[in-house]
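Structure first, commentary second.
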Amino acid sequence: MWSLGDYSLVAPRLEPYAIKLAEACAIRPGTTVLDVAAGNGNFALAASAVGAKVTASDLT
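The working numbering applies: residue 11 is where the sequence shown begins, and numbers increase by one.
Right, here's the structure in full:
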């Protein structure tokens, strides 16, 4: 997947999976989430959208 090139073009394709992951993890309002290697933040944004307290970090 990463061989598709520019990550900013690949990342939107992953957004639906981030939403499904947040649902599978039972993220709820007030849940504390640490997203390490967050990339563009798809998962952090999905968790935040349901009211989680999110800290995200990435080295890039």
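Positions of the beta carbon are idealized from the N, C-alpha and C atoms, including for glycine. Small disclaimer: the values here were computed from a predicted structure and weren't measured.
Between the alpha carbons of V60 and N52 lies a distance of about 13 Å. In the three-state reduction of the DSSP assignment, L69 falls in the coil class. Taking the C-beta atoms as reference points, A54 is found no nearer than 7 Å to A36.
Inter-residue distance for G49 and S58 is about 15 Å (C-alpha atoms, whole angstroms). Taking the Cβ atoms as the reference, A28 lies roughly 4 Å from A56, within the contact range of under 8 Å.
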